[in-house]
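Heads up, the thing below is written out as structure tokens.
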Amino acid sequence: GNSVTQMEGPVTLSEEAFLTINCTYTATGYPSLFWYVQYPGEGLQLLLKATKADDKGSNKGFEATYRKETTSFHLEKGSVQVSDSAVYFCALRGDNAGNMLTFGGGTRLMVKP
Amino acid sequence: GAGVSQTPSNKVTEKGKYVELRCDPISGHTALYWYRQSLGQGPEFLIYFQGTGAADDSGLPNDRFFAVRPEGSVSTLKIQRTERGDSAVYLCASRAGAGNNEQFFGPGTRLTVL
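So the sequence lines, in the order shown, correspond to chains A and B.
For the first sequence, position 59 matches number 80 in this note's numbering, and the numbering has no gaps at all.
For the second sequence, position 32 matches number 73 in this note's numbering, and the numbering has no gaps at all.
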């Protein structure tokens with residue numbers, strides 16, 4: 022079956038530091054890949070997505086590239102801000118009829134001023 | 042416009058009791074999903090509705106869990122004979138139409154079984 026593995030947190034960075042959160046996946050067929058973010062006290066929000074190999078998703082300064090050869094979708098940001106503190110979830114959507122999502126375990130990011 | 046809403050936001054119950062959790066999807070969204078998020082983990086798929094019917098319930102952990110969507114809009118997740126291990130945040134998401142549209146998540150219901 023499908024599965025997603027992401028680096029465990031918490032990840033603690035100083036403001037303006039470079040961020041990488043690793044994500045690898047196992048899936049049959051041609052999944053779509055996502056990063057969701059959960060800010061404190063809020064629901065899950067889609068951050069970015071990529072639907073095919075070599076696509077790059079980007080939003081709010083975050084980027085992730087769909088690498089089929091390494092089955093990875095690492096999240097990066099060049100300069101984090103305190104407001105980026107949240108829990109980040111990598112997820113995949115298989116190419117089945119239901120389009121349900123399979124999530125990784127989440128990575129908590131804490132950015133200190 | 043209004044997003045996905047879930048009620049109650051918090052539910053505390055005793056072991057063995059019955060609970061119902063409600064989800065109001067975005068108006069017009071035909072697909073509806075329930076996920077369960079245990080503490081420190083990512084959400085796990087429970088059940089998927091397309092319209093009124095449960096198209097995939099393969100994620101329901103056992104027969105104590107049941108969900109309905111009688112009019113193709115509001116959905117209720119029902120848990121019988123609750124156990125302490127059922128304690129989690131239950132998330133609902135809805136999606137417009139068929140295909141690869143985005144799922145929009147509600148804020149969740151935090152269920153605590155004492």
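Each residue gets a CB set at the ideal place from its N, CA and C atoms; glycine is no exception.
A residue is called buried when at least 16 other Cβ atoms come within 10 angstroms of its Cβ; A/Ala74 does not meet this threshold and is exposed. In the three-state scheme derived from DSSP, where H, G and I count as helix and E and B as strand, B/Arg125 is classed as helix. Contact annotation: the stretch 49-56 of chain B does not touch the stretch 77-90 of chain A, with fewer than three C-beta pairs closer than 8 angstroms.
Contact annotation, B/Gly149 with B/Tyr131: C-beta distance approximately 6 angstroms; criterion of less than 8 angstroms satisfied.
Sixteen is the threshold: when 16 or more other Cβ atoms of the shown chains lie within 10 Å of the Cβ of B/Gln78, as they do, the residue is buried. In chain A, no part has a C-beta under 9 angstroms from the C-beta of B/Tyr131; the shortest such distance is about 12 angstroms. Inter-residue distance for B/Ala108 and B/Ala129 is about 17 angstroms (C-alpha atoms, whole angstroms).
Looking at the DSSP output, A/Ala107 sits in a beta bridge with A/Leu130. Within a 10 Å sphere around the beta-carbon of B/Leu80 sit fewer than 16 other beta-carbons, which makes this residue exposed. Shown here, A/Gly78 sits in a strand according to DSSP, grouped into three states. Within the same chain, Tyr57, Gln59 come within 6 angstroms of A/Leu65 by CB-CB distance, once the 5 residues on both sides are set aside. Boundaries of the beta strand (DSSP E) harbouring B/Asn51: 51-54, taken from the DSSP string. As DSSP reads the structure, A/Ala71 sits in a beta bridge with A/Leu54. In the three-state scheme derived from DSSP, where H, G and I count as helix and E and B as strand, A/Val101 is classed as coil.
Apart from sequence neighbours up to five positions away, the residues of its chain that approach A/Gly30 with a beta-carbon distance below 6 angstroms are Thr128, Arg129, ordered along the chain. Taking a contact as a CB-CB distance under 8 angstroms, the pair A/Thr92 and A/Tyr46 counts as one, their CB atoms being some 5 angstroms apart.
Under the DSSP assignment, B/Phe107 falls in the beta strand (DSSP E) whose first and last residues are 106-109.
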